[in-house]
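Numbering (the working numbering), first residue to last: 473 to 783.
Right, one structure below, let's go through it.
Here's what the structure looks like:
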């Protein structure tokens, strides 16, 4: 079953209200008028296709379980986003994060998920288009967070202090066709909610992304809108808003042919304290969540989905 998630034009006069409404009702939306050049997206996809066509020994020179956490290559079946699944997710990925030198204070202090990105010396075509998408997607998520703040009745810069040196991950993804499944019920990405604050996704036309209807529980196909980004709310922003905003369950089912996507997770600063906003607590009510930090929350999620990592 297909569904058209809300489409929000970020330059429309009603954009702030439209965005807030979509975050409250669905937690998933497509955005147009985002200002990211089409060429930046196209080059990122071309780079992903070229990279994932390489032999494993070449693309796997750096892996998620070596060096800086959440940097490098991860192969098919390594992650299991749905703990109840019988097999690991049928996808391969390449991750980068905020590129910090070894002498940066956060890196020297041993802060998890902080450090330099590994770049392959023998792939000169790889780095520039990946970094260009990272920069554009980071700008877009910061713009969205500013608009969300206004929609919540806060100052436009209310969240700015929470993502100055963020755990912000860009992921190239390749999902092989359904014929590659190792067990009948294997999926590309198991049912999950995103862990951080907000996610932006560029997907091709192949399909496979599904969201679970919060009312009926049915899985609905997300239609790809040309030129748009899919945006969804993550767990941290849901906590911040006392579940006024929805962090919606979603998954990727094995596609009929190879599927590629490029995603950016804005997960906030490691030490960012996430405490329910007073304006999101009803009169006479209480916060649904205890305070946490972004770093504590993310490390917990990594331990759950990738138990082989020693964290």
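We treat Cβ as the ideally placed atom computed from N, Cα and C, and that holds for glycine.
This structure is a prediction, so every number in the text was calculated from the model and none was measured.
Residues bridged to residue i (per DSSP)
i           : result
residue 723 : 682
residue 585 : Its beta-bridge partners do not exist; DSSP assigns none.
residue 643 : 567 and 735
residue 746 : 764
residue 546 : 565
residue 502 : 479 and 702
residue 741 : 638
residue 535 : 545
Among the options, nearest to residue i - alpha-carbon criterion
i           : options               : result
residue 629 : 614, 572, 506 and 507 : 614
residue 543 : 637, 644 and 560      : 644
residue 703 : 493, 488 and 501      : 501
residue 784 : 731, 750, 638 and 516 : What is shown of the chain runs 473 to 783, which leaves residue 784 out entirely.
residue 688 : 485, 498 and 509      : 498
residue 594 : 700, 523, 603 and 651 : 523
residue 728 : 621, 679 and 480      : 679
residue 486 : 622, 551, 732 and 604 : 622
residue 672 : 619, 736 and 626      : 736
residue 512 : 530, 557 and 605      : 605
residue 521 : 477, 776, 566 and 557 : 566
residue 518 : 616, 625, 675 and 696 : 675
residue 572 : 589, 662 and 561      : 589
residue 670 : 640, 504 and 600      : 640
residue 633 : 752, 650 and 741      : 741
residue 663 : 533, 492 and 551      : 551
residue 547 : 535, 557 and 553      : 535
residue 483 : 492, 493, 494 and 503 : 503
residue 647 : 506, 677 and 668      : 677
residue 760 : 748, 598 and 771      : 748
residue 545 : 692, 691, 642 and 694 : 642
Range covered by the beta strand (DSSP E) that runs through residue i
i           : result
residue 674 : 670-675
residue 662 : 661-664
Delimiting residues of the alpha helix (DSSP H) encompassing residue i
i           : result
residue 710 : 707-712
residue 528 : 528-531
residue 575 : Unbroken run through residue 575: none, as it is neither H nor E.
residue 495 : 487-497
residue 622 : 599-623
residue 522 : 510-524
Beta-carbon separation (whole angstroms), residue i vs residue j, contact threshold 8 Å
i           : j           : result
residue 666 : residue 715 : About 15 Å; that fails the 8 Å criterion.
residue 579 : residue 569 : Their Cβ separation, rounded to whole angstroms, is 11 Å, which puts residue 579 and residue 569 out of contact at 8 Å.
residue 496 : residue 717 : 6 Å
residue 720 : residue 684 : 7 Å
residue 725 : residue 660 : 6 Å
residue 730 : residue 649 : 6 Å
residue 682 : residue 722 : 6 Å
residue 612 : residue 506 : 6 Å
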